[in-house]
Structure formats: C-alpha cells, structure tokens
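In case it helps, numbering that gives the first Met the number 0 puts the sequence shown at residues 0 to 286. Even glycine gets a Cβ: it sits at the ideal position worked out from N, Cα and C.
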Amino acid sequence: MQHFAQGLWQRHQEGQAHCLPIWLNPSRFKHRSIKDYLFGPWLQEAMALEEEILPATWRDSLLLGLQTGQFWLVLDGIDYTFTDPSQMSGAQGSLTWLKDSLAEVPTTPVLLSCRPDTRRNDPRGLAGFTRYQIDPLVYPDNVEIAIEDYFSADRPGQPENPGKPNALANALKEALANPSVRYLRPYLLRPRRLMLCCRFWADQPRDFPVSSGALYNKLVKAFYLWQSEWAPTKPGQQDELAQLLGQLAKQMLGENRADHRPSAPVEVEKIFGKDSPCCVRHCNWAG
C-alpha cells in the first residue's frame, strides 16, 4: 500500500497525474463515518500545517477533490486496525462497514488492503471493488475464484445477463480447462496477468489463444488499454518497452529459466539501464 500511495504522490509531483493520496488510519475513525472523520479530525490536523489558508478554503477544496476524484483514500489493513468493534453492527464485517461508509463519498477512488480470510468471510464488503491478490494463484481453485470475482454481477460496468450472470466466467474457465492449453496456465497464475486475460476475454469471448506468443500479444494489448485509463502511452514508448522486454526474455531463455520467476532487479538493470526507459515506470509494467 505504501508503494501504491508513493506512486500516486510521485506521479503528481512529476505532473503525470492529478490525484493525491490521503492515507487514513482506520483505528482513528472511532464512531465516525469516513466523511465525518475527513471533515473532522483529519481536516483539523491538515489545517494546522498551513494556518495561512482559511478554514472555508480547506473545506471547499477537500469537498471538491473528493467529488472529482482528485483525492484517493488509502486504507491499509482495514480488517485489523479497528480498535472499537462497537462501531459496527452485528451484521457488519469491517469491509461491509467500510462499503456503507464510503457511500457518503461515492465518487472518491479507494485503495485498501485486507487479509484473504476477511474477504471470504465478508464478501459483500468488496462488492464493486476491483479485487487484486498479491500472492501467486493456484490452479484451478484460486484461478477460478478470481475469474468469478472479475465477472461478478456487482462489478461496475458489467452487462446484465438474466439467468446467466457468470456466462463469461464459465466460458473462460472452460477454455482454461481444455487440455490443449494446459501449458499456458502457468503464465496466468500471477494475478495481474489473469486480470488482463479477463479483460481481453470480456471483449472477445471466443477462441482462447493456443500459443504463448498469441497469449502474450493479447495480454499486452489488454495491458495498454487498461493502463490508458490513467497513464496513456505513445506507440514509440510501447515499441521501446517491447524491445527491452524482448531482450530480457531472450536472456531468460538462454538461462533455461522454465519456472517463470521474475528476474532480480540487478539483472533487469543491466538491460534497461538505471535511468531508462522512463516508459517502464510510466507504464508501471510488472509481470
């Protein structure tokens, strides 16, 4: 979470983004909603740092930033930082309480982290969130659950399909279960790659790629479409990155690395250089 928040801040400083992270400690909410906390204790502490700015200006700026998506709320460990369980009703888990509280700031982007068991025990709380697991997945259980999560009916923008809310998910699971593509499954055990697979499958739910090269091409196209939502890149940047990634892949093949583990940073630096290319950081490329 610190990495993501720092990335938002750094991009804002470099003029590449117009959003700022607001790091919130859930243990300080007490009996307040998130909005009450932001316009109460949090705003008081912020105003103390810049006393020359009028309180009304602070409040108006905070309200505008929350309404327009200029501020991102960052909540780390939402499931174990609550110090007062009484702030939640008996029917609420920590994630459900958070979801209900965020209804007061519906246009504000939110980054949060929680433990896997919390997500399983309180599934309603993550309804509508894009869920991302950091640890590698296990096929078929983790992979199929992640696919179902991606295509669940509660995700924003998912088309209604009466009677078959998970038709796309079922079709993708069947495609991956085909013995002819079993050698491609290891490439999709990393959560981001599987998410990109779901994205291109949603656009073209037909034949699944039957070669690693075809799968790679589809993942790359899906990546740039996804990344363009907040950090568009030019074709020249994409070509530069593709060439360098090709060199890295060639090196891995020369070392007979069949386990697909990421290369050590020092090995990547030999190819990419300490300061090049900027597009790698700009694209936030990661396997």
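Spell out the partners DSSP gives residue i in its beta bridges.
i, result
"phenylalanine 70", "Leu19"
"phenylalanine 219", "Sequence check: residue 219 is valine here, not phenylalanine. DSSP lists no partner for valine 219."
Is residue i buried or exposed, if buried means 16 or more other CB atoms sit within 10 Å of its CB?
i, result
"arginine 114", "exposed"
"lysine 217", "buried"
"alanine 213", "exposed"
"lysine 98", "buried"
"valine 209", "exposed"
"serine 227", "exposed"
"arginine 10", "buried"
"serine 179", "exposed"
"arginine 205", "exposed"
"threonine 129", "exposed"
"leucine 195", "buried"
"threonine 67", "exposed"
"isoleucine 133", "exposed"
"glycine 127", "exposed"
"aspartate 238", "exposed"
"isoleucine 146", "buried"
Can you tell me whether residue i is helix, strand or coil according to DSSP?
i, result
"valine 104", "coil"
"glutamate 159", "With a pLDDT of 48 at glutamate 159, under the threshold of 50, the predicted position of this residue should be treated as unreliable, though the coordinate-derived value follows. Glutamate 159: coil per DSSP, three-state reduction."
"leucine 110", "strand"
"aspartate 140", "helix"
"aspartate 99", "helix"
"glutamine 5", "helix"
"lysine 233", "coil"
"asparagine 118", "In the sequence on display, residue 118 carries arginine and not asparagine. Here arginine 118 sits in helix by DSSP."
"histidine 11", "helix"
"glutamine 203", "coil"
Where do the ends of the alpha helix (DSSP H) carrying residue i lie?
i, result
"lysine 34", "33-36"
"methionine 0", "Neither: methionine 0 is in no alpha helix (DSSP H) and is coded neither H nor E."
"alanine 126", "Looking at the DSSP string, alanine 126 is not in any alpha helix (DSSP H), and its letter there is neither H nor E."
"leucine 53", "Segment: none, leucine 53 is in no alpha helix (DSSP H) and carries neither H nor E."
"glutamate 173", "166-176"
(message) Can you confirm whether the segment 218-228 touches the segment 170-185 when touching is taken to mean that 3 or more C-beta pairs between the two stretches lie within less than 8 Å?
(response) no
(request) Please determine if the segment 46-63 and the segment 103-111 are in contact, where contact requires at least 3 C-beta pairs separated by less than 8 Å. (result) no
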